[in-house]
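K.L.:
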Amino acid sequence: MSKENIILANSTSFALAAKVKDYFQLIKFTLSFMVVFSTVVSFLIAPNELHYVRHKIISVLLLFTGGMLITGSANAINQILEKSTDAMMKRTANRPVASGRMLASEATSFAVITGIIGVFILWYWFNYQCALVGLFSLLLYGFVYTPLKKINSVAVLVGAIPGALPCLIGWVAATGDFSLGGWILFGIQFLWQFPHFWAIAWLAHQDYTTAGFKLLPGDKGPTKFTALQTIIYSSMMIPFGLLPYFSGIIDTGTRGIICTGILFICNLWMVFVSVLLFKNMDLKSARKVMFSSYFYLMIVLLALLFGRV
């Protein structure tokens with residue numbers, strides 16, 4: 021191979037790798053993965069009446085794929101609508117649309133195609149109910165929550181709905197109905213988002229203020245009121261952590277007791293770090309709430325999977 025061909029091949033490989041990296045940023049891969057993780061685990065926790073064991077692996081793979089496509093579409097819409105504000109903030113200025121590396125028209129085509137395919141997978145392989153919930157979640161996140169962030173802090177409440185719907189999607193995909201178990205899982209993830217997101221908004225307050233986002237519960241930035249709200253929502257997670265056991269979602273024997281104990285400890289920890297934030301009012305404490313919330317969700321979902329009936 022000539023030197024020119026080698027240079028051309030290396031250049032092509034570099035351009036392809038850069039484009040793939042841009043699409044990973046467009047769908048916010050890490051965030052999307054965490055969202056879809058809750059969908060898959062909720063599917064496995066649910067009484068799986070519609071899928072035989074031999075179809076379990078295929079179902080999990082298709083649910084993961086459909087969920088990633090829908091979530092990726094919603095995140096792409098978010099970046100298209102916020103390209104100007106993303107460009108103002110250090111943490112988001114390098115996103116593909118905000119930086120100009122990707123045209124808004126390309127991102128729009130990607131969002132439409134992935135959204136349609138994702139909803140179709142849920143509809144065709146599982147049921148129309150979970151597909152409709154997926155579509156509703158996409159639209160609510162992309163076209164209601166995203167523009168609302170600049171208008172009022174109620175955006176956090178609105179955004180917590182599509183943020184928790186993945187649990188309900190997984191449950192409905194498995195059962196075909198909107199039974200109590202799905203709503204309990206939805207409630208756990210719904211409440212979790214408030215201390216999680218307010219900690220992020222606390223850390224990124226300057227960036228968010230520059231962009232005109234109103235995401236903290238108070239209009240004066242990180243205050244005692246915000247920290248108090250974090251404590252309140254973390255405390256509400258404690259009784260919700262008992263519901264899986266008493267509603268029969270998880271085993272009522274030893275495994276269920278262990279699972280409930282893990283949830284109780286995790287919820288107490290979230291209250292503890294929230295109290296530290298109220299006491300110290302500093303970035304270190306806010307960072308502790310944020311990282312604790314990441315581990316919380318993973319541990320709680322895996323504990324529920326361990327304790328399932």
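The sequence shown begins at 21 in the working numbering and counts up by one. Even glycine gets a Cβ: it sits at the ideal position worked out from N, Cα and C.
1. Using a threshold of 7 Å, state whether the C-beta atoms of A127 and A96 are closer than that.
2. Would Q209 be called buried (16 or more neighbouring beta carbons within 10 Å of its own) or exposed?
3. Going straight from the alpha carbon of S104 to that of A94, what length do you get?
4. For a test of the three-state rule: what should DSSP assign to I277, helix, strand or coil?
5. Can you name, in chain order, every residue of its own chain whose Cβ lies under 7 Å from the Cβ of V164, other than the five neighbours on each side?
6. Mind checking who R328 pairs with in its DSSP beta bridge?
7. Would you tell me roughly how many angstroms separate the C-alpha atoms of N114 and F140, rounded to the nearest one?
8. With DSSP run on the structure shown, which of helix, strand or coil describes F57?
9. Within 10 Å of its beta-carbon, does N98 have 16 or more other beta-carbons around it, so buried, or fewer, so exposed?
10. Taking only three categories from DSSP, how would you classify V174?
11. Near V174, what residues of its chain come up, given a Cβ to Cβ distance below 8 Å and the 5 sequence neighbours on each side ignored?
12. For the alpha helix (DSSP H) containing W229, list its first residue and its last residue.
13. In angstroms, rounded to a whole number, what distance separates the CA positions of F84 and H75?
14. Over the uninterrupted alpha helix (DSSP H) stretch that includes N147, give me the two end residues.
15. Excluding five sequence neighbours on each side, which residues of the same chain lie with their C-beta closer than 6 Å to the C-beta of I137?
16. So, are the CB atoms of I251 and V293 less than 7 Å apart?
17. Sort V153, F284, F233 and R111 by Cα distance to T91 and report the nearest one.
18. Report back the beta-carbon spacing between I100 and L324 to the nearest angstrom; my notes put them in contact at under 8 Å.
19. Buried or exposed: R328, going by 16 or more other Cβ atoms within 10 Å of its Cβ?
20. Let me make sure I understand the geometry here. Which of M290, M318 and F146 has the alpha-carbon closest to that of R307?
21. Note down the Cα distance separating G196 from A231, rounded to an integer number of angstroms.
22. Output needed for G162: all residues of its chain with C-beta closer than 7 Å, excluding positions within five of it in sequence on either side, in chain order.
23. Can you name, in chain order, every residue of its own chain whose Cβ lies under 7 Å from the Cβ of K110, other than the five neighbours on each side?
P.N.:
Inspection of the coordinates gives the following:
1. Mapped onto the sequence shown, residue 127 falls at position 107. Mapped onto the sequence shown, residue 96 falls at position 76. Cβ atoms of A127 and A96: closer than 7 Å.
2. In the sequence shown, the residue the question calls residue 209 occupies position 189. Counting Cβ neighbours within 10 Å, Q209 comes out buried, since at least 16 surround it.
3. Taking the sequence shown and counting its residues from 1, the one referred to as residue 104 is at position 84. Taking the sequence shown and counting its residues from 1, the one referred to as residue 94 is at position 74. Whole-angstrom Cα-Cα distance: 17 Å.
4. Within the sequence shown, numbered from 1, the residue matching residue 277 stands at position 257. Three-state DSSP puts I277 in a helix.
5. Here residue 164 corresponds to residue number 144 of the sequence shown, with the count starting at 1. The residues are V178.
6. For the purposes of this step, residue 328 is taken as residue 308 along the sequence shown, with counting starting at 1. In DSSP, R328 forms a bridge with I270.
7. Residue mapping note: residue 114 aligns to position 94 of the sequence shown, counting from 1. Residue mapping note: residue 140 aligns to position 120 of the sequence shown, counting from 1. For N114 and F140, the distance between alpha carbons rounds to 32 Å.
8. Indexing the sequence shown from 1 puts residue 57 at position 37. Annotated three-state conformation of F57 is helix, per DSSP.
9. To locate residue 98, count along the sequence shown from 1; it is residue 78. Per the 10 Å Cβ criterion, buried.
10. In the sequence shown, residue 174 corresponds to position 154, counting from 1. In this structure, V174 counts as coil in the three-state DSSP scheme.
11. As a working note, residue 174 is residue 154 in the sequence shown. L168.
12. The residue given as residue 229 occupies position 209 in the sequence shown. Residue 229 is actually Thr in this sequence, not Trp. It spans H225 to A231 - the alpha helix (DSSP H) in which T229 sits, taken as one unbroken run.
13. On the sequence shown, position 64 is the one that residue 84 refers to. On the sequence shown, position 55 is the one that residue 75 refers to. Their backbone Cα atoms lie some 14 Å apart in a straight line.
14. Numbered from 1 along the sequence shown, position 127 holds the residue referred to as residue 147. Element bounds for N147: n/a, residue is neither H nor E.
15. For the purposes of this step, residue 137 is taken as the residue at position 117 of the sequence shown. Cβ within range, chain order: L89.
16. Here residue 251 corresponds to residue number 231 of the sequence shown, with the count starting at 1. Here residue 293 corresponds to residue number 273 of the sequence shown, with the count starting at 1. Contact flag unset, no.
17. Against the sequence shown, residue 91 aligns to sequence position 71. Of V153, F284, F233 and R111, the residue nearest in Cα terms is V153.
18. What you label residue 100 is simply residue 80 of the sequence shown in a count that begins at 1. What you label residue 324 is simply residue 304 of the sequence shown in a count that begins at 1. Between L324 and I100 the Cβ distance is about 35 Å, and since that is not below 8 Å, they are no contact.
19. Sequence index remark: in the sequence shown, residue 328 carries index 308 (1-based). By the 10 Å Cβ count, R328 comes out buried.
20. Counting from 1 along the sequence shown, the entry for residue 307 is found at position 287. R307 has its Cα closest to that of M290, out of M290, M318 and F146.
21. Counted from its first residue, the sequence shown places residue 196 at position 176. Counted from its first residue, the sequence shown places residue 231 at position 211. In a straight line, the C-alpha of G196 is about 42 Å away from that of A231.
22. To locate residue 162, count along the sequence shown from 1; it is residue 142. Cβ neighbours of G162 beyond the five flanking positions: A94, I97 and N98.
23. As a working note, residue 110 is residue 90 in the sequence shown. Contacts found: D227.
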